[in-house]
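The block underneath contains the structure these notes are about, expressed in structure tokens.
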Amino acid sequence: MILKSSEMKMDDKTKIKALIIAAVLLIGILGFNYYSNYQEQKYNEYYNQGINDGLILILTEIQNKGYVQIPIGNQTIILGQYQGERNGS
């Protein structure tokens, strides 16, 4: 079977279009994966920073007032400094 040059050119154009579509999809998948990992990393950084800020806030309050009240639902937890047992008192 002998192909005409116009049929061959059409075949080549189809292959090139398919390769371009595959390349765009691959770049999109890789870009999404990179962005997703970046978002997760930033989320974890901010989450850990929030934990540290909360802990520092609680400890500062205990140092200033001697205790801190943490409301949870309709109850309150009171945290204070532990004095421990003193020998000889």
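Residue numbers (numbering that gives the first Met the number 0): 0 to 88. Glycine is no exception: its CB is placed at the ideal position from the N, C-alpha and C atoms. All figures in this text were calculated on a predicted structure; none of them were measured in a lab.
Between I69 and I61, the C-beta spacing is not below 7 Å. For V67, DSSP records a beta bridge to L78.
Here G30 carries a helix assignment [DSSP, helix/strand/coil].
Inclusion of L54 and V67 in the CB contact set at 7 Å is not warranted, their separation being larger than that value. The alpha-carbon of Q48 is positioned some 51 Å away from that of K14.
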